[in-house]
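Encoded as structure tokens, the structure appears first; notes follow it.
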Amino acid sequence: MDSSFARRNRQRKGGAAPYILAGGAALLILVIVLAVALLASPLKLELTGGSEIDLEYGEAYAEPGVKANLLFFNVDVQSGGQVPGDQLGSYTVTYSASFLGKTATVERKVNVVDTTAPTITLMHKDNFFTLPGHEYQEEGFVAEDNHDGDITDRVQKMVSDGYVHYMVTDSSGNVAEVKREIVYNDITAPELTLLGNSTVYVTVGKDFVEPGYKAIDDAEGDISLKVQVTTDFNKNTPGTYTVTYKVADNYGNSTEVTRKIVVSNSQQQTSGGNPVGGVIYLTFDDGPSQHTERLLQVLEKYNAKATFFVVGDKALGYLDDIVAGGHAIAIHSDTHNYNQIYASEEAFFNDLYAIQNKIYDRTGVKTTLMRFPGGSSNMVSKFNPGIMTRLTKLVEEKGFTYFDWNVDSKDAGGAKTADEVYNNVINGCKSRTASVVLQHDIHGYSVDAVERIIQWGLANGYTFEALTPDSPTAHHPVNN
Ligand code: ZN
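Under the working numbering, the first residue of the sequence shown carries the number 9, and numbering increases by one thereafter.
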């Protein structure tokens, strides 16, 4: 037997003691190995969530966490550094740990940033719209930002393709954009105005000459060219006809007005002496005077229009009131001195242009309407044979329209009271569809008759209009 065999045998048979010894040695080795490993290992600090993170402005900082270990031992970590959530900027959080004489430090950068775009809120007014061709009138808007607050005044606006575009940028460069569609509409009908009189008198067989019209739309402006004119006018048959003027804007708002055409024989008489209805042109010669103002008031009260054949040395201060009242202002004479004005053609026109210029200077109206002092049939010019024959031609050649009258109130002669004036006028008018009435507003009693004349006329189907170059001229036969 060799000894080594015997020793092995002893060991096998020897019980627990040798194993404990062996285990203790192993443990010791382990501890030594561990100690060496601990001494050789670094203290590790590991950030959860990265070394640089962004924190949205306004949110509270929540620590993502950190781990410290040395080998497999967890180590407590100390951290320091403030991250204010309500201030933009970069902040540093420092983490440190120490264990077994080892220390470690790590930093985390936290950027408090604003990535939230502002908001733009648009206001809307009820039933709001923009007239086509007109600029959009802002209904209102508000821009707010989570960091900058109210930034309404930084909003930039641009209009294109039927939209208003609103854009705003906050101090961090975040952009908000909204747009609003512009609602275009037009609910107002065009205004359609007739030039000339609302009733036109035409002698049988003569053409109706359109005096004109004007159509103005709030959105589209002058749309006179779109006016449709229709009429049942028949120049060969006496009667009353209607001219209808119709115009519509692009949104279908339409306006219609009518004008009457009365076709009559110039000698038309009434049957049984009843009023026939028609137009009465009240005309007043030789003024203005101190009675003109109340005459204008009466005319205005009934919306009646008249014509004033004025004289140069009279109360021309009333000329503006006459024009303002919508009446016709017309030439009578500067001097009304028969011997002077009918002495020669030159003298006549000197007088005529003098009063025409006075009227123009005061009112801006360059009138071509006139009436000869004494009328075209006067005999006071007999001292200059043929002067009226020449003048009646000349004034028309020079572009003037002269009027006489077919109803005489006789206030320059036989009539001395308002009653007489009234009776003369209505008796003259009631047999005519177009009356040119001669009165003088230098006579108070003649002016006094006007209100009753108008009341009678309106009650019997007459309108009171101002003379125009197209009105009946009521020419007299020329006697000289
Ligand atoms: Zn006169």
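Note that the Cβ used here is the ideal one computed from N, Cα and C, for glycine as well.
| query | result |
| --- | --- |
| To the nearest whole angstrom, what separates the beta carbons of Asp449 and Ser297, a pair I think is in contact under 8 Å? | 6 Å |
| Leaving out the 5 sequence neighbours to the left and right, which residues in its chain are closer than 6 Å to Arg162 when beta-carbon positions are compared? | Val176 |
| Short of 7 Å in beta carbon distance, which residues of its chain neighbour Ile288, apart from the five on each side in sequence? Order them along the chain. | Cys437, Ser443, Val445, Gly465, Tyr470 and Phe472 |
| Can you name, in chain order, every residue of its own chain whose Cβ lies under 6 Å from the Cβ of Thr113, other than the five neighbours on each side? | Ser104 |
| Hey, which residues come within less than 6 Å of the ligand ZN, measuring from Cβ to any heavy atom, in chain order? | Asp293, Asp294, His340, His344 and Pro381 |
| Going straight from the alpha carbon of Lys222 to that of Thr263, what length do you get? | 12 Å |
| Mark Glu459 as exposed unless 16 or more other C-beta atoms lie within 10 angstroms of its C-beta, in which case mark it buried. | buried |
| Are there 16 or more other CB atoms within 10 angstroms of the CB of Val319, so buried, or fewer, so exposed? | buried |
| Between the segment 338-357 and the segment 320-329, do three or more beta carbon pairs fall short of 8 Å? | yes |
| In angstroms with no decimal places, state the Cα-to-Cα distance between Gln86 and Asp94. | 24 Å |
| How many angstroms separate the CA atom of Asp10 from the CA atom of Ala76? | For Asp10, the predicted model reports a pLDDT of 46, less than 50, meaning its position is unreliable; a value from the coordinates is still stated below. Whole-angstrom Cα-Cα distance: 59 Å. |
| If you drop the 5 nearest sequence neighbours on each side, which residues of the same chain put their C-beta closer than 8 Å to that of Asn468? | Pro283, Gly285 and Lys438 |
| Buried or exposed, going by whether 16 or more other CB atoms sit within 10 Å of the CB of Phe356? | buried |
| On the DSSP bridge assignment, give the partners of Gln305 in chain order. | According to DSSP, which records beta bridges pairwise, Gln305 is partnered with nothing at all. |
| Have a look at Asp293, Asp294, His335 and Leu324 and flag the residue whose alpha-carbon is nearest the alpha-carbon of Leu304. | His335 |
| Where does the unbroken alpha helix (DSSP H) through Thr458 begin, and where does it stop? | It is Val, not Thr, that sits at residue 458 in the sequence shown. Val458 -> alpha helix (DSSP H) spans Val458 to Ala467. |
| Please report how far the alpha carbon of Leu200 lies from the alpha carbon of Phe408, in whole angstroms. | 29 Å |
| Quick check: what's the CA-CA separation for Gln236 versus Leu202? | 13 Å |
| Roughly how many whole angstroms lie between the Cα atoms of Val251 and Ser232? | 16 Å |
| Among the candidates Thr315, Val271 and Asn414, whose CA atom is the shortest distance from the CA of Asp215? | Val271 |
| Please report the residue range of the beta strand (DSSP E) in which Leu63 lies. | Glu60 to Glu64 |
| Starting from Lys117, follow its DSSP beta bridges and name the residues at the other end. | Glu60 and Thr100 |
| How about Asp134 and Asp194: do their beta carbons lie closer than 8 Å? | no |
| If you run the structure through DSSP and keep just helix, strand and coil, what is Ser439? | coil |
| Taking the DSSP output, what are the residues bridged to Asn82? | Asn77 |
| Please report the distance separating the alpha-carbon of His451 from that of Thr425. | 10 Å |
| Compute the distance between the beta-carbons of Glu189 and Val121, then report whether it is under 8 Å. | no |
| Along the alpha helix (DSSP H) that carries Leu35, what are the first and last residues, could you check? | Ala25 to Ala48 |
| Check Ile450 in the structure and name its three-state DSSP category. | coil |
| On the CB-based measure, 16 or more other CB atoms within 10 Å of its CB, does Leu184 come out buried or exposed? | With the sequence shown as reference, residue 184 is identified as Ala, and Leu is not the correct amino acid for it. Buried: at least 16 other Cβ atoms inside 10 Å. |
| If you count every other CB in all the chains shown that lies within 10 Å of the CB of Thr102, and 16 or more means buried, which is it? | exposed |
| Buried or exposed: Val461, going by 16 or more other Cβ atoms within 10 Å of its Cβ? | It should be pointed out that residue 461 corresponds to Ile in this sequence rather than to Val. Ile461 comes out buried. |
| What do you reckon, are the CB atoms on Tyr69 and Ile128 nearer than 8 Å? | no |
| In its own chain, which residues sit with a C-beta less than 6 Å from the C-beta of Gly220, not counting the 5 before and 5 after it? | Leu203 |
| Check Met396 in the structure and name its three-state DSSP category. | helix |
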